[in-house]
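**Q**
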Amino acid sequence: MPINEEGAAFKPLIVAFCCNWCSYAGADLAGSSRLNYPVNVKVIRVPCSCRVNPLFILRAFQRGADGVIMCGCHPGDCHYTSGNYFARRRMALLFSMLDYLGIERGRTRVEWVSAAEGAKFANTMNQFAETISALGECRRLEDIRCVESEI
Amino acid sequence: MQKIGVFVCWCGSNIAATVDVEAVAQASLSEPGVVFSTNYQYMCSEGGQSAIRNAIAEHGLTGIVVCACSPRMHEATFRKTAAVAGLNPYMVEIANIREQCSWIHRDKEEGTKKAIILARAAVAKLNRNVPLIAGESQVIKRALVIGGGIAGIQTALDVADAGYEVDIVEKTPTIGGKMAMLDKTFPTLDCAACILTPKMVDASAHEKISLFTYSEVESVSGFVGNFTVNIRKKARGVNSDLCTGCGVCIEKCPSKKAKSEFNQGLCNRSAIYIPFAQAIPNVPVIDRESCIKFQTGKCGVCEKVCTAKAIDYAQEDEIITRQYGAIVLATGFKPISLESYDEFQYNQCPDVITSLEFERICNAAGPTKGKVLRPSDHEPPKTVVFVQCVGSRATVECGKTYCSKICCMYTAKHAMLLREKYPDTEVYVFYIDVRTPGKSFDEFYRRAVEEYGVHYIKGMVGKVAEEDGRLIVQGSDLIADKQVIIEADMVVLAAAIEPDPTARSLGTMFTASMDTNDFFTEAHPKLRPVESPTAGIYLSGLCQGPKDIPDTVAQAGAAASKVIGLLSKDKLVGNPCVAACNEPLCNGCSTCELVCPYGAITYEEHLVVDHGVRETRRVSCVNEAICQGCGACTVTCPSGAMDLKGFTNLQIMAEVDAICR
Amino acid sequence: MRRVRDMMRSRAGELLKDGAVTRVLGWKSGEFYYDPTPSFFDTEESLDELVYNGFSAAMLSKYLIEATKKEGRVLVFLKPCDTYSFNHLLKEHKVDREKTYVIGVGCGGMLDIEKLRALGVKGIESMEELGENLVIHTLYGDKKFARGDVLLEKCATCKGLEHKASDELAVPDELWEWETSDRFARVSELEGMTSGERFAFWRGELSRCIRCNACRNACPVCSCNKCVFDNPRSGVIAKANADTFEENMFHIIRAFHVAGRCTDCGECSRVCPQNIPLHLLNRKFIKDINAFYGEYQSGESVDGKSPLTEFRTGDVEPGIVHERGGA
Amino acid sequence: MCDSEIRSDLLIPRLGVVTDIRRDTPDVKTFRVNGPSGGVCFSHMPGQCAMLSIPGVGEAMFSITSSPTNKEYMEFSIKKCGSLTEWLHDMEVGQQVAIRGPYGNAFPVEAELKGKDLLFIAGGIGLAPLRSVINYVRYYRDNYASVDIVYGARSMDDLVDIDEIRNEWIGRGDDVNVHLTIDRPQEGWDGNVAFVPDYVKSLNFPTTKTALICGPPIMIKFVLKALQELGFDKSQVYTTLELRMKCGIGKCGRCNVGAKYVCRDGPVFRCDKMEEMPDEY
Amino acid sequence: MMLKLSIEKMGELFQRLAEGRKLYLPLDRGGQVDFGPWTPEAKVRLDRLKTIKSAKDFFFPQTENIVSFKRQGKDISIIENRDAEEPFVVFGVRGCDARSLDVLDRVFLCDPVDSFYKARRENGVVVSMACSEPEETCFCSIFGIDAADPQGDVVTYIIGDFLYWDERTDKGRALTETVKSLFSDASGDSSLVERSRGEIRDIVSRLPLCSLSLEGFDGSALKEKFGSPLWSELSQACVGCGTCTYVCPTCQCYDIQDFDTGHGIRRFRCWDSCMYSDFTLMAHGNPRKSQVERFRQRFMHKLIYFPANNDGMYSCVGCGRCVAKCPISMNITKVIKALGVEVNV
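Residue numbers (the numbering used here), protein chains in the order written: chain S, 72 to 222; chain H, 16 to 676; chain Z, 154 to 480; chain U, 2 to 282; chain B, 30 to 374.
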């Protein structure tokens, strides 16, 4: 089933990596609070934000994602005490590098979302989707084979 | 290749109203590996679960995807269901189509599309799953408590009362810690010794408790349930088994110039000594630095006078190896050094003392037999100034940024005791804030002010100077907004407290993480306050942060209950979603070790066989019993040797691919 | 440089003779003046072929990984910049310090044959390094260059002439010293461009990549037994840049994998047959690390944690990338 | 028959369907493959190989175990040792595979071997390529003189195609002589116990025979030694080689031993010819 | 027939050559000169002797799709979707690169024919160009290649202000027809061209590497050269990268890999290098475990195995790219010197 029909308004595909303990729970809370956010935000559950490998982020762009967001516990609240601190350094450097290579900087984002911040999760996703919509489809970091081809 | 069953839950109308569950089930059939799919009203109900079990049996499924509510809700349920049907519980994946789909979207067509994609991602991940088996390890039913202060004693007693063996390792010659030095305790003013010494006796007499005083932890290995610890028993010079504790040696010892540590150096002790009368064990120690026999070889008086023949100059340090299931850190605190606080003249004026020294001066067993006398001339002081927050809540380099928590209350206690014993003594207290958030604390403080007439001055002391045998205290009164100068006979400084310096090396040894102030960090600041992030290591007392005696005892009990909980298990079942090293890929570079918050990674020389090439080299090894599965190591590993079971690189990338397809 | 070479030959000879070392790792003279090859020498006589000149740029540190697995001690000659990589390899337990004997050799700046070729030098018959000048005799006439104009990029932006590790030094007094420029200048320049300009710049550079892996294989930090890009089970195996994405992917991930570890030795750019300024990726990381987490240069010492293996609670947020100026 | 199917390049595979799977040993399965409309995918000669692949998983060269005389299906005996073979072991009947070939030379059954006394020596999975020859020889039995088969494995359970050996090869008069052996004694095994090379030596075969060997490299090496000790000349011995292959047609450049490409000039080599090749296999 | 054209009109020539087909020629990209598709804006650099890569790419590209698959359940469908075949011209190919196509032909056009290569070979017209200023890294002459008179469908010379155009094959003649109107007859300049050739040959004879002797490098020396103890010394500096193989006009090893696009599987082939550690890696072992064996393979192949299989033709054309590009300056000329006859030392 095609995700984006021809002619339909551009709906950015957003991959959200969420840590199991805070942000995924925050996303759940957004759900149980019936807070709406765009349908093309898809969450991938990881144990901790420090599990997010830059490879995964590039992979998402390769396969056609228009934006990638990583959510973790607030600094100091990591279930594993320090995972998000490492993740924070890694992402700061990676995002800076992507920016340096001319990938639109708005396409990557980190947000700390606690299990209690369902509203923050939904708001973040809404805002992020808006930002990405304004940027349009990700062309600078896509793999034509994955995006355009029949096979 | 997997044979996957997909089970789509309606969750009544919770899901079915926004997601066409039949369409999701149908669509998933075209995904690789899927051989069966169905939908059901409530997958988590017995009916739903039995449908899963039947399908597993009927279709020989190797894995199942349940499209339902959040995995945080029912992942455990469906894992159990799978296990009952003979499937490995880790061959279950959940597609969260309720919280992250049906509940947030209103358009059924869109919701259905998204649910299909989420199901697809779960299938894609499951195609890369392998059965995981949780490791098991034995639990050694003995606990080690490091530190024999009130925290350590209380933890040990609680654990021992539950029927488990406990060893206490204490670096000084006696247990009792700082509390033994105190005179009275706030807010009830009962005598510290009266409530502590019975506990010390209980601990020494308890059949489940072994005391290792004058001993230190040398090294540790192992992991939760299975620690091996080497304890260094320092040579006492006295055979504990023979000594009767008669005290003749102490009396006859010709060397009496050593400063008494217990009395904060306010008086002297002999070279062979016990720290205080109620010390446990009641066995003296020879201080080799001040012993004439050890320094010059001539003397031997104690040996001559000892009828029990307990003196043993040749005694050497002894290393004892013991095994433990759990370890409690109760290393306590010490007041900070006031060396660099020149403004208070602590080093220069003998009558400027710390609060702990004041405790000893007040104490009936102390250097002044309980009479409050100035150290310089042994005269009773007429005016005493207490200074709060010396080094606490500091903004300067040499101080501590935190509040030491206990000073407000003990200063109120000291002021009150002084006024009670010596009503004609004027007592001033300089404070920044008075913090009394404890049961009966504020009442206590108000009594000091209102009933005992202690002068509380809000402000800091800028300078203390000695002039003609008196101490000129210059301070500011922020409320009156003026400078005050008080001529005092004695100044008592409420020095900030800091973790005992031995904590740092222990922290490294146990990979127990510490904050910037060297207090041990807890596994979770709110929810797991007595556990260290390293499994099997628990925290008791001030080593975790400043606290008073009631809090210390409460935390000691809490730590004990955690220890008991651990020791009561015969086996520990690990989390199988832990890191694993692919040895042929490992470079032995150590970067993973550096980011592991649990110290679960060590390095060993292994024979690695890679495509027929054999080489012995340094590779990283994950201790599955310690690893908690955060995955920090997997990203720091450049070669991809380190991977996280249950969340492997390939699994997550498969999800990414499926979502973006 | 000739003085240094003579010092090297005589010390190596002595150490081989008295058995202090079993092998010597240095550079062997080639066909032309500009093509010395890293080589092991195990006899005093063979040292006649040991050369050290303005083209001894190839770093020897990485060879020690394999060399120290063998019996015996290796004498290695390290230029100042090579010692950073040496320290890094020690730090990651790749090289056994006990099996090495390091002579730090003085460096007068290494020269860039590609730059010379771009300046129209062809048909080289011989060369002479005369102080701060380089004279080249070619089939098409003689040419003379100032050393400073034909330095390798890594030397023009040299980190310094101090050896960060050595057992002894071979540094004569009269070595030519040159003015270096800010190694981050080009990075800053790129940062000042618009996102679109940067994209165009990097596309132009990276699209030339032929995935020969020279950058990776010459890199002292890329010393994985098996690179993720070679591993069919890694999920990201890529032998050729079948799509422009893979050109980006390979270089981003490679730079990320060496982030906080890169010694800025410049070998990646030197060995690139396509002259892609790969060091600009690594230097971007170094520059960011310095700005975000405090000055850090991998390889300055064996001790200490690299920036990506530690953290501070007050570290900058990744959002800093969005907040700073520029497009 | 899909032999007529036209493909624009030899690198492009055709389809096959797995119609039967049987487990021979704990790590060897034999797969029966048909063309999409039945029959074999293409004709071959004994000893030749085919490239099997599962798109997205991998492609590898396997020797064709079935005899060319079998026009109904092709068979491949495959040992589990890498990601592709793991996948193949997990698949079920009805799975389609991509197949291309045949590749390589064959045992010279129509030339040198004709009329000769044949001695087949196989170890473990090494029976796979020889099984094709043995059945070919059995089919054209009159074209060949005596036939001896020595086959050994680590244990009873590691003997590939044991049912066929027992039911078809043994006990048919003096058709073929089968000598089975396993490395170590085992309960339920009353046959010979010895390593293949030792067993070969003890059987003391006359040097009139031509030997065809296949098995692990170490076995081949020692069997060759044993045969030489019995007086065999290397020119009387054929064996097969296995190296990493990609194209199957001698172009991709990786399976050469000296100037010979195993995929094109092999996999069957006469041992005296191998003398001329450098020792890099 | 020899034609000529003022070099001022080269732009027009390229315009014409690019009509209805692709025209590839040496272009400047970021200071690097490599063959690329001509556009009116392109910076053509015919002065640079050595492009980074050779013209091999156009006949045997670094990656090329072979076939695609779709998988659904147990079913596989095979989809032939090879890249479209289109006519093209490669302009400015030097003698060494022009000869390299003979080497590649030996591999790809022998039975079984590689249809992908064959199609490109048929579609491509090679316009070669004589070298004007040979470099010290050149040694084509030892393989019998005449830099002054290269092979090709059309051979060109830049002499003075003119481009001379000499058609040599039917393909070349057909191409000439499409551009003939731009040229004028130059049959009268044959002595000029011959003189220029002589000048080039004179320079070539003075190149340092042109005295190398290939004596002893043939199939009969296979075991002797293979067993030489010098390989370990020669290979010790090799970092195992693929620079030499990828810039080489004759290296033709390839790998076949599958890529899952998410919509199906693309099977493509891409250049591979015998210098890579995983080139011959198998699940249970590797016949070439160390760089010594891999290094030996490359040079044995070029100097012994290939001539043994191809009537003495070496798989090297002396273009000197590897000499110029090796990160550690090890190359085939050093190997020839070390393993060859005395005369080389």
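Beta carbons: idealized from backbone N, C-alpha and C, even for Gly.
(1) If the cut is a Cβ gap below 9 Å, which residues of chain Z does residue 362 (chain B) touch?
(2) So the candidates are H:57, H:365, H:95 and H:226; which of them puts its Cα closest to the Cα of residue 505 (chain H)?
(3) Taking C-alpha atoms, which residue in S:127, S:94, S:81 and S:170 lies nearest to residue 341 (chain Z)?
(4) Give the straight-line distance between the Cα atoms of residue 176 (chain U) and residue 148 (chain U), rounded to the nearest whole angstrom.
(5) Use the C-beta contact count for residue 624 (chain H): other C-beta atoms within 10 angstroms, 16 or more gives buried, fewer gives exposed.
(6) Can you check whether the CB of residue 254 (chain U) is closer than 8 Å to the CB of residue 355 (chain B)?
(7) Quick one: is residue 63 (chain H) buried, meaning 16 or more other Cβ sit within 10 Å of its Cβ, or exposed?
(8) Using a Cβ-Cβ cut-off of less than 8 Å, give me the residues of the region 40-51 of chain H that come near chain B, in sequence order.
(9) What's the gap between the Cα of residue 536 (chain H) and the Cα of residue 444 (chain Z)?
(10) Please give me, in chain order, every unbroken run of the beta strand (DSSP E) with length at least 3 that falls completely inside the region 15-47 of chain U.
(11) For residue 401 (chain Z), which residues in chain S fall below 7 Å Cβ to Cβ?
(12) In the structure shown, what three-state DSSP assignment does residue 600 (chain H) receive?
(13) With distances taken Cα to Cα, identify the nearest neighbour of residue 109 (chain Z) among Z:238, Z:307 and Z:395.
(14) Within 10 angstroms of the Cβ of residue 76 (chain S), are there 16 or more other Cβ atoms? Answer buried if so, exposed if not.
(15) Would you tell me roughly how many angstroms separate the C-alpha atoms of residue 189 (chain H) and residue 228 (chain H), rounded to the nearest one?
(16) Looking at C-alpha atoms only, which residue of H:165, H:319, H:451 and H:547 is the closest neighbour of residue 209 (chain H)?
(17) Would residue 158 (chain Z) pass as an interface residue toward chain B - the criterion being a Cβ-Cβ separation below 8 Å?
(18) Short check: CB of residue 113 (chain H) to CB of residue 84 (chain H), under 8 Å?
(19) Would you check if there are 3 or more beta carbon pairs closer than 8 Å linking the region 271-280 of chain B to the region 358-369 of chain Z?
(20) Would you call residue 46 (chain B) buried or exposed, if buried means 16 or more other Cβ atoms sit within 10 Å of its Cβ?
(21) Can you pull the chain H residues whose beta carbon is under 7 Å from the beta carbon of residue 103 (chain S), in chain order?
(22) Evaluate residue 80 (chain B) with the Cβ neighbour count: other Cβ atoms within 10 Å of its Cβ, from every protein chain shown; 16 or more gives buried, anything less gives exposed.
(23) Cβ closer than 8 Å: which chain Z residues qualify as neighbours of residue 53 (chain B)?
(24) Since residue 123 (chain B) and residue 78 (chain B) are thought to touch, with beta carbons under 8 Å apart, how far apart are those beta carbons, to the nearest angstrom?
(25) Taking a Cβ distance cut-off of 8 Å, strictly less, list which residues of the region 285-299 of chain B are near chain S, in chain order.
(26) Let me see if you follow: with CB-CB separation under 8 Å, is residue 323 (chain B) close to chain Z or not?
(27) Compare the beta carbon distance of residue 13 (chain H) and residue 442 (chain H) with 8 Å and say whether it is the shorter of the two.
(28) Closer than 8 Å is the cut-off here; do at least three beta carbon pairs connect the region 593-610 of chain H with the region 341-355 of chain Z?
(29) Compile a chain-ordered list of the residues in the region 81-92 of chain U whose CB is closer than 7 Å to at least one CB of chain B.
(30) Distance check for residue 66 (chain H) and residue 57 (chain H), CA to CA, integer angstroms please.
(31) Mind listing the chain B neighbours of residue 627 (chain H)? Cutoff is C-beta to C-beta under 7 Å, in chain order.
(32) According to DSSP, is residue 320 (chain B) part of a helix, a strand, or is it coil?
(33) Should residue 193 (chain S) go down as buried or exposed, given a rule of 16 or more other Cβ atoms within 10 Å for buried?
(34) Mind checking whether residue 636 (chain H) and residue 596 (chain H) have CB atoms under 8 Å apart?
(35) Which of the residues in the region 137-155 of chain S, read from start to end, lie with their CB under 7 Å from any CB of chain H?
(36) Is residue 92 (chain B) close to chain Z, meaning its C-beta is less than 8 Å from at least one C-beta of that chain?
**A** According to the data block:
(1) Mapped onto the fifth sequence, residue 362 (chain B) falls at position 333. Ordered by position in chain Z, the residues that pass the 9 Å Cβ test against residue 362 (chain B) are 184.
(2) On the second sequence, position 490 is the one that residue 505 (chain H) refers to. Ranking the options by Cα distance to residue 505 (chain H), first place goes to H:365.
(3) Start at 1 with the first residue of the third sequence, and residue 341 (chain Z) comes out as number 188. Looking at the Cα atoms, S:170 is the closest of the given residues.
(4) Residue 176 (chain U) sits at position 175 when you count from the first residue of the fourth sequence. Residue 148 (chain U) sits at position 147 when you count from the first residue of the fourth sequence. If you take the alpha carbons of residue 176 (chain U) and residue 148 (chain U), they lie about 7 Å apart.
(5) Working through the second sequence from its first residue, we reach residue 624 (chain H) at position 609. It counts as exposed.
(6) If you number the fifth sequence from 1, residue 355 (chain B) lands on position 326. If you number the fourth sequence from 1, residue 254 (chain U) lands on position 253. No.
(7) Counted from its first residue, the second sequence places residue 63 (chain H) at position 48. Burial call: buried.
(8) 45 and 47
(9) In the second sequence, the residue the question calls residue 536 (chain H) occupies position 521. In the third sequence, the residue the question calls residue 444 (chain Z) occupies position 291. Rounded to whole angstroms, residue 536 (chain H) to residue 444 (chain Z) spans 29 Å at the Cα level.
(10) 15-26 and 29-35
(11) Taking the first residue of the third sequence as position 1, residue 401 (chain Z) is located at position 248. Per Cβ cutoff of 7 Å: 172 and 212.
(12) Numbered from its first residue, the second sequence carries residue 600 (chain H) at position 585. Looking at residue 600 (chain H) - three-state DSSP - the assignment turns out to be helix.
(13) Given a span of 154 to 480 for chain Z in the structure shown, any question on residue 109 (chain Z) remains unanswerable.
(14) The residue labelled residue 76 (chain S) in the question sits at position 5 within the first sequence. Residue confidence for residue 76 (chain S) is low, a pLDDT of 46 falling below 50, so the modelled location carries little weight; the figure read from the coordinates is stated next. Exposed, by the Cβ-count rule.
(15) Translated into the one-based positions of the second sequence, residue 189 (chain H) becomes position 174. Translated into the one-based positions of the second sequence, residue 228 (chain H) becomes position 213. Approximately 6 Å between the Cα atoms of the pair.
(16) In the second sequence, the residue the question calls residue 209 (chain H) occupies position 194. Minimum Cα distance to residue 209 (chain H) is reached at H:165.
(17) Start at 1 with the first residue of the third sequence, and residue 158 (chain Z) comes out as number 5. Not one chain B Cβ lies under 8 Å of residue 158 (chain Z).
(18) The sequence position of residue 113 (chain H) within the second sequence is 98, counting from 1. The sequence position of residue 84 (chain H) within the second sequence is 69, counting from 1. Closer than 8 Å, so yes.
(19) yes
(20) The residue given as residue 46 (chain B) occupies position 17 in the fifth sequence. Per the 10 Å Cβ criterion, buried.
(21) Your numbering for residue 103 (chain S) matches position 32 in the first sequence. Residues of chain H passing the Cβ test: 114 and 118.
(22) Counted from its first residue, the fifth sequence places residue 80 (chain B) at position 51. Classification for residue 80 (chain B): buried.
(23) Numbered from 1 along the fifth sequence, position 24 holds the residue referred to as residue 53 (chain B). Ordered by position in chain Z, no residue passes the 8 Å Cβ test against residue 53 (chain B), which lies about 15 Å from the chain.
(24) Here residue 123 (chain B) corresponds to residue number 94 of the fifth sequence, with the count starting at 1. Here residue 78 (chain B) corresponds to residue number 49 of the fifth sequence, with the count starting at 1. The pair is a contact, with the Cβ atoms about 7 Å apart (cut-off 8 Å).
(25) 288, 290, 291, 292, 293, 294 and 295
(26) Position 294 of the fifth sequence, counting from 1, holds the residue named residue 323 (chain B). Answer no: the Cβ-Cβ gap between residue 323 (chain B) and chain Z never drops below 8 Å.
(27) What is shown of chain H runs 16 to 676, which leaves residue 13 (chain H) out entirely.
(28) no
(29) 82 and 83
(30) Here the question's residue 57 (chain H) lines up with position 42 in the second sequence. Here the question's residue 66 (chain H) lines up with position 51 in the second sequence. So the alpha carbons of these two residues sit roughly 11 Å apart.
(31) Numbered from 1 along the second sequence, position 612 holds the residue referred to as residue 627 (chain H). Residues of chain B passing the Cβ test: 313, 314 and 315.
(32) As a position in the fifth sequence, residue 320 (chain B) is number 291, starting the count at 1. Helix.
(33) For the purposes of this step, residue 193 (chain S) is taken as the residue at position 122 of the first sequence. Under this definition residue 193 (chain S) is a buried residue.
(34) The residue you call residue 636 (chain H) lines up with position 621 of the second sequence. The residue you call residue 596 (chain H) lines up with position 581 of the second sequence. For residue 636 (chain H) and residue 596 (chain H), yes; Cβs fall inside 8 Å.
(35) 151, 152, 153 and 154
(36) Taking the fifth sequence and counting its residues from 1, the one referred to as residue 92 (chain B) is at position 63. Answer yes: the Cβ-Cβ gap between residue 92 (chain B) and chain Z drops below 8 Å somewhere.
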